[in-house]
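Here is the structure we will look at, set down as structure tokens.
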Amino acid sequence: MRTPAAVPVLAMLAGGILGVAAGPPPVIVAAVALPLSWASALAFFLARRARAFVAAVALSFAVSAWVLAAVAEREARYPPLLARWQEASGEGPLRLEGRLRADASVGSGGIGLDLKVLAIGVGGASTSTSTSGGARVTVSGEMAAKRAGEWRAGRTVRLPAQLREATRYRDPGVADGRLALARRGTILVGSAKSAALVETTARGAWCAEAAASARAMARRVVLQHVGRWSGRSAAIVIAILIGDRAGLDEEVERRLQEAGTYHVIAISGGNIAILAALILGGLRLLGAGHRVSAVAGILILGAYAFTVGGGGSVVRATLMAVLLLAAGLGDYRTAPLNALAVAGAVVLAATPLSLLDVGCALTFGATLGILVGGSRFLGSPRRASINGQQPPGASRQPAKPGSRPPPSQPAPWLRWPLALLMASICAELALFPVSAFSFSRVTFAGLLLNFAAIPLMTIVQVAGMLVIPLAAVHGGAASAAGWVAHAAAEGLISSAALVEWWPWLSYRLPPPHPLALVTYYASWAAWFALAALRRRRHSSKSVESSKSAKPVNQQPNKSSTQQLTMTVLIVLSGLWILVEPVTLLVPGVSGVLRVTFLDVGHADAVLVQLPDRRSLLVDTGGSLTGSSFDIGGRVLAPALWRLGTRRLDTLVLSHGDPDHVGGAASVIRDFQPREIWEGIPVPPNARLQALRRQAGEAGASWRTCLQGERGSFGEVSWRVWHPPPADWERQHVRNDDSIVLELRYGDVSVLLPGDIGRPVEQELAGLIPPAPLRVVKVPHHGSASSSTAAFVSALQPRVAVLSAGATTKVSDAALARYRDAGAALFRTDRDGAVILTTDGHTVTVRTFTGVTAVFGPG
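According to this note's numbering, the sequence shown holds residues 21 to 878 in order.
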């Protein structure tokens, strides 16, 4: 068995998935199954019963992984810190003491501190309670940036903070970001008012301090000698050398992600391979022997992984390199697939929840694809010839009867490009379903761009590494090396322009159905199993033929037909993943009007799906605080796809506040609306002007909609009640300029008033005619400046929907007026997405949290 480690790692995967999905096994099951399975494995091994031994080993690892994953999942979801915080809620400000898990990082709202909380105190109490759990605290104020350098990984700090649970968007198709963050070790987020309140109480261990000093020195030197040419290039060099991506420009990250070359700026297998090659090559040049080089390589790689912070991708890549070096050190020859399986088993044992980490899947999936595909289509390295000659010490053997001729070798100058192309194709075939499912993106640009990106990344890494020692010797030489790194970094960024010229090489799409993924990977597994079966049969028949005087009659068998069937399934399931035809062929809804008030926090986004399968989106969410979170791409897009919308007919921007248009750029890019409506134009507003330019590039018409305009979408009529034409050119966005849009379908009226306040409500109270059954979105997130008694009384809503978030200051008096008018009130901050469906006579409301209610006229 060439890959015996595959048995435990596959069993651990199955057990880990069971542990996360079903929770821990009953104590009696674990107490009996674990010792019994291990004892059975030992007994079967001594009895030389191979199959029973393998089954017992698999069961042992599966049960062990089940327990480990279930315990890790429970600890991630419910750490002691969460319970202590819940107990202390309302008792006053909290005082945290914790150890920094990473260096302080610069964010849009201040300086971020990633803490392992050790103790928590409440109010002015002098004592703290020991606890454990992860928290991320943002320190605001000008002083924070000046003190960020002293907040290093390993040090202990004490600070007062306001804590809360991370934001969770409860919408169809949207991943639970709070749970994902908890599985990465952070259960609470919060803020501290000033750096003056942050006290460093203890330094880290000597090794942590040394690593932090090395990182700080690397940042300083790179900024000095690469940053003099370009700050953007310096950020890329820092990311490649020490894994710190805090300084990367968001636009650069987006371009590299779309181009499929983002992997080169994250420390992973390629970077570790380059570093290992430099270490081993340098030691060999100095005359070190094989064993000394291997030991030194293991120590240096381990020290490097510790210095850069030991992130998931760094640990995985370093672990695989160390395993290979250790195997060579002991003269132990093993198949690369077996080494990969051992690394996977170690990772799963040490961090059971890594089976849910997409980065882990990408790392091992790409390596598996390259190893399996490369050995299949390029030939096994052990069997390959060297420069067309037999390996040293091998004798030429005559070809066996019935054997296949060896594959012809390409010209030497073609071998590296062909190997890189084949590796890229194999990795892409292995990973594009994962990318489509996890990131809703498929990109083929990397197949071409890797020919530039990988050499350029190598130059950036090597030149960047040279900058650091050269800076201690000669500043001019360090700056020259910095220019080389800068030129390569700029080339890396420029290469991503390929997707701008050929956009079809990278595109977004709805996540494929899990059944399509299962079919794709199961078909590949069956294909390779059938291929191996055919090879064994061919080999056995060749042996029989060589022993007999007559060749063995080659009877056709079922395996070739079955392999062809698997090929067809691979192609069909792959095409399904690449196209996701359901939302293309059957978009939206038919025969009913569906209005979904999406949970986007303190913001607005309403999807309207019309009876004729057309759709429009009113507002796109966003943040008033300038957050870099892409709510359009990460919340609206998956929600719209899950609800069946692939393309928008109309995008309505009620007004230009960030919490209404913050996700518009991603929505325009992903959903290509045919038409975009705005109310009163605001020429000086840079955000709106950028959206107008983007709309023009996307081929969408930009339309100004003012009071009195009306029309219909099939059976659904619409009317704009506000704003009237402006008397002067607006210099700033105004809430009272919001578009007030009414949709009518039979007896049902849906009113979407944006952020209007009292003055506009007074004007509209006497204009909007009554309706048998009215649904209204509560204006301006339920603030005290809106929802006047006259307005609510005039509308007489049966259903009111409030779009709010955890930070929204809702007026209880305003909401009471809706209840007093007889309206049923739904809130996105409590109910999640609120989905309203109507046939024109009755309205059915369903919420993300499972509440259902039906309303009729009268």
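In this text, a Cβ means the ideal position worked out from N, Cα and C, and glycines have one as well.
No experiment lies behind these values; they were computed from the predicted model shown.
Check: Identity of the residue in R739, G141, R239 and S253 nearest E729 by Cα; Outcome: R739
Check: For T463 and A853, the rounded distance between their alpha carbons; Outcome: 31 Å
Check: Straight-line gap, F64 to L54 (C-alpha atoms, nearest Å); Outcome: 16 Å
Check: Range of the contiguous alpha helix (DSSP H) that encloses V519; Outcome: L518 to W521
Check: Rounded distance between the beta-carbons of I285 and I256, thought under 8 Å; Outcome: 6 Å
Check: Limits of the unbroken alpha helix (DSSP H) element including A370; Outcome: P356 to A370
Check: Residues bridged to L822 [DSSP beta-bridge criterion]; Outcome: R847
Check: Closest residue to T848 among D840, F617, G699 and F733 (Cα-Cα distance); Outcome: F617
Check: Reduced DSSP category for T206 - H, G, I as helix; E, B as strand; rest coil; Outcome: coil
Check: Residue from Y324, G332, G317 and P817 with nearest C-alpha to L343; Outcome: G317
Check: Under 8 Å between C-beta atoms of R188 and R198; Outcome: yes
Check: Where the beta strand (DSSP E) through T158 begins and ends; Outcome: T149 to V159
Check: Residue from S593, E600, R554 and L605 with nearest C-alpha to S580; Outcome: R554
Check: Coarse secondary structure for T828, derived from DSSP in three states; Outcome: coil
Check: Residues of its chain near A337, where Cβ-Cβ distance is below 6 Å and the 5 sequence neighbours each way are ignored; Outcome: S288, G289 and I292
Check: I488 Cβ short of 7 Å to the ligand GTP heavy atom set; Outcome: This structure lacks the ligand GTP, and indeed carries no ligand of any kind.
Check: Cβ pair count under 8 Å reaching 3, the segment 205-214 against the segment 93-105; Outcome: yes
Check: Chain-order list of residues whose beta-carbon lies under 8 Å from that of Y282 (same chain, five-residue window excluded); Outcome: E273 and L276
Check: Cβ distance (whole Å) where G280 is taken to contact A465 below 8 Å; Outcome: 5 Å
Check: CB of G901 within 8 Å of CB of T864, strictly; Outcome: For the chain, the structure presents residues 21 to 878; residue 901 sits outside this window and is missing.
Check: Endpoints, beta strand (DSSP E) assigned at T220; Outcome: E219 to A222
Check: V599 vs Q629 beta-carbon contact at 8 Å; Outcome: no
Check: Nearest-angstrom Cα separation, counted from L449 out to P24; Outcome: 25 Å
Check: Bridge partner(s) assigned by DSSP for D632; Outcome: S610
Check: Proximity to S543 [Cα-Cα], best of S593, I597 and E510; Outcome: S593
Check: Residues near A75 by beta carbon distance below 6 Å, same chain, minus five either side; Outcome: none
Check: Beta-carbon proximity list for F259, same chain, < 7 Å, skipping 5 on both sides; Outcome: Reading off the sequence shown, one finds Ala at residue 259, where the question assumed Phe. The residues are R265, L268 and I285.
Check: Residues bridged to I140 (per DSSP); Outcome: L116 and T149
Check: R794 to G716 span [Cα, whole Å]; Outcome: 36 Å
Check: Secondary structure of E162, DSSP reduced to three states; Outcome: helix
Check: Residue interval of the beta strand (DSSP E) (run including A181); Outcome: T176 to E185
Check: Of the listed residues A873, G621, W661 and I788, nearest to S635 (C-alpha basis); Outcome: W661
Check: Assigned exposure category for M477 - 16 Cβ within 10 Å defines buried; Outcome: buried
Check: 8 Å contact criterion, which P532 and V194 should meet: CB distance rounded; Outcome: That pair is no contact at about 17 Å.
Check: Buried or exposed (CB count within 10 angstroms, at least 16 for buried), A31; Outcome: buried
Check: For W105 and L38, believed in contact at Cβ under 8 Å, the rounded distance; Outcome: Not confirmed; about 30 Å, so no contact.
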